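Q: Okay, here's the structure, questions in a sec.
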Amino acid sequence: MRHVFGPVPSRRLGYSLGVDPVPPKTCTMDCVYCELGPTTDRTACRGPFVDVDAILDELRERLREPLRLDHVTISGSGEPTLNLEIGRLIGGIRGLTDVPIAVLTNGSLLTNPEVRTALRQADVVAPSLDAVSANPFKEVNRPDPSLDPGEIARCLAEFARGFRGRLWLESLFVLGMNDDPGEIRLIRNAIEEIQPDRVHVNTVVRPPAVFGVQGVSASVLREIAAALGPRAEVIASPPDDAQSKPASDMVERIVSMAARRPVTIADVTKAIGTSQAEAAKTLSLLVQNKRLTLVWHGETQYYVA
Ligand code: SF4
Numbered sequence: 002m003r004h005v006f007g008p009v010p011s012r013r014l015g016y017s018l019g020v021d022p023v024p025p026k027t028c029t030m031d032c033v034y035c036e037l038g039p040t041t042d043r044t045a046c047r048g049p050f051v052d053v054d055a056i057l058d059e060l061r062e063r064l065r066e067p068l069r070l071d072h073v074t075i076s077g078s079g080e081p082t083l084n085l086e087i088g089r090l091i092g093g094i095r096g097l098t099d100v101p102i103a104v105l106t107n108g109s110l111l112t113n114p115e116v117r118t119a120l121r122q123a124d125v126v127a128p129s130l131d132a133v134s135a136n137p138f139k140e141v142n143r144p145d146p147s148l149d150p151g152e153i154a155r156c157l158a159e160f161a162r163g164f165r166g167r168l169w170l171e172s173l174f175v176l177g178m179n180d181d182p183g184e185i186r187l188i189r190n191a192i193e194e195i196q197p198d199r200v201h202v203n204t205v206v207r208p209p210a211v212f213g214v215q216g217v218s219a220s221v222l223r224e225i226a227a228a229l230g231p232r233a234e235v236i237a238s239p240p241d242d243a244q245s246k247p248a249s250d251m252v253e254r255i256v257s258m259a260a261r262r263p264v265t266i267a268d269v270t271k272a273i274g275t276s277q278a279e280a281a282k283t284l285s286l287l288v289q290n291k292r293l294t295l296v297w298h299g300e301t302q303y304y305v306a
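With this note's numbering applied, the sequence shown covers 2 to 306.
Written as structure tokens, this is what we have:
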């Protein structure tokens, strides 16, 4: 599998070229809502996982193309801070491009001072905080047993104090798990300690790892955002304008995107810069060839690798 994927249109990051420093699906958690499916290697032990020089070689090649990019984003098939060399990876990307570097993380390893130091080199750090008390944390995030949500929230605040980039917290609410007023009050208290630039409030939109898990309604999500304080906003839709010209290796790019998150025809149209009809035709062929599977979530059809 490629280590660099996209650019993908993202609700928060515009056009984002993804960099994936862990194999699928290696994570400290096994969230019920995860778009990548169940975690196959749940661990809190950091390791080399993917060779950083190989990632940088691939990125160097991709950056030769005339891409419209808003961010290079370290994310992908699990928790990126599990890669021991994430600091060297961020430094290496900085040496290749002026495009801002973002890191999407579940925040669990910010309890480690080395991870805090590494992530302070990024322009944007977007950690998750779905729960701060033990039961909803276990229910929603199904973490490695060594993880303590109170300690994670405290270390997020410590990270924020020394970070000069933009800190965007994301809280995702699952119906009946972390959406009760008591937990929302505790998350708000944590936000006041952390003082992020923004809090992105989200819910289950794409097919989740656990069948039957549901998101909260749009109106409840707006109420939660209001309860979380002035920094909180319900995150917006992806940008409408597409990449300017069709990518040449369309099939591999689509499979690579769908391996990281379920995609719709509209996602592919925007990301690849092709017509809706062409995207639909290619996706349908990929399903016939068993490289992708078609799944329904609510009334929307998604393609997953
Ligand atoms: S949502 Fe993120 S933190 Fe949760 S299991 Fe998936 S990759 Fe890991």
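A virtual CB, placed ideally from N, CA and C, is assigned to each residue, including glycine.
Because the structure is a prediction, the values reported are computed rather than measured.
Name all residues in chain order for which at least one heavy atom of the ligand SF4 lies closer than 6 Å to the residue's CB.
A: Here the list is C28, M30, D31, C32, C35, L37, T40, G79, E80, N107.
Q: My guess is that E59 and R3 are in contact by the Cβ rule of under 8 Å, so how many angstroms apart are they, rounded?
A: As a position in the sequence shown, residue 59 is number 58, starting the count at 1. As a position in the sequence shown, residue 3 is number 2, starting the count at 1. Confirmed, Cβ separation roughly 7 Å.
Q: Reducing DSSP to helix, strand and coil, say where V269 ends up.
A: Mapped onto the sequence shown, residue 269 falls at position 268. V269 falls in the helix class under three-state DSSP.
Q: Distance, Cα to Cα, E253 vs G230?
A: Walking along the sequence shown from the start, residue 253 turns up at place 252. Walking along the sequence shown from the start, residue 230 turns up at place 229. Cα-Cα distance, rounded: 42 Å.
Q: Counting C-beta neighbours from all protein chains within 10 Å, is the total for E194 16 or more, i.e. buried, or is it exposed?
A: Locating residue 194 in the sequence shown gives position 193, where the first residue counts as 1. E194 should be labelled exposed.
Q: What are the uninterrupted segments assigned as alpha helix (DSSP H) that are 4 or more residues long and contained completely in the stretch 47-117, given in chain order?
A: Listed in chain order, the complete alpha helix (DSSP H) runs (minimum 4 residues) inside the stretch 47-117 are 53-63, 87-97.
Q: Give me the Cα-Cα distance between N113 and L14, rounded to the nearest whole angstrom.
A: What you label residue 113 is simply residue 112 of the sequence shown in a count that begins at 1. What you label residue 14 is simply residue 13 of the sequence shown in a count that begins at 1. Taking the straight line from one Cα to the other gives about 26 Å.
Q: The beta strand (DSSP E) with N203 in it runs from where to where?
A: On the sequence shown, residue 203 is found 202 positions in, with the first residue counted as 1. N203 -> beta strand (DSSP E) spans 199-204.
Q: Would you check if the distance between the CB atom of R83 and the CB atom of P128 is smaller than 7 Å?
A: Working through the sequence shown from its first residue, we reach residue 83 at position 82. Working through the sequence shown from its first residue, we reach residue 128 at position 127. Arg is not the amino acid found at residue 83; the sequence shown has Leu there. Result no, Cβ atoms of L83 and P128 do not sit closer than 7 Å.
Q: In the DSSP assignment, the beta strand (DSSP E) including Q302 goes from what residue to what residue?
A: For the purposes of this step, residue 302 is taken as the residue at position 301 of the sequence shown. Taken as a continuous stretch (DSSP letters only), the beta strand (DSSP E) holding Q302 covers 301-305.
Q: Tell me whether the stretch 33-46 and the stretch 88-103 touch, counting them as touching only if at least three CB pairs, one residue from each stretch, are closer than 8 Å.
A: Taking 8 Å as the limit for Cβ pairs, the verdict is that the stretch 88-103 does not touch the stretch 33-46.
Q: For a minimum of 4 consecutive residues, which ranges assigned as the alpha helix (DSSP H) are wholly contained in the stretch 274-303?
A: Here the runs fully enclosed are 277-289.
Q: Among the residues of its own chain, which have a CB less than 7 Å from the CB of A259, if the five just before and after it don't count?
A: As a working mapping, residue 259 is identified with position 258 in the sequence shown. Within the same chain, A259 has close Cβ partners L293, Y304, V305, A306.
Q: Measuring CB to CB, does A228 end up less than 7 Å from I255?
A: Against the sequence shown, residue 228 aligns to sequence position 227. Against the sequence shown, residue 255 aligns to sequence position 254. The answer is no: Cβ separation not under 7 Å.
Q: I believe A132 touches N179 by the beta-carbon criterion, under 8 Å. Please report the beta-carbon distance rounded to the nearest angstrom.
A: By 1-based counting over the sequence shown, the position of residue 132 is 131. By 1-based counting over the sequence shown, the position of residue 179 is 178. 5 Å between Cβ atoms; contact.
Q: Between A191 and the rest of its own chain, which residues show a CB-CB distance below 7 Å, the 5 nearest in sequence each way excluded?
A: By one-based count along the sequence shown, residue 191 stands at place 190. So the qualifying residues of the chain are L130, V133, A154.
Q: Please look up how many angstroms separate the CB atoms of T204 and V217, rounded, as I've assumed it's under 8 Å.
A: Working through the sequence shown from its first residue, we reach residue 204 at position 203. Working through the sequence shown from its first residue, we reach residue 217 at position 216. Between V217 and T204 the Cβ distance is about 5 Å, and since that is below 8 Å, they are a contact.
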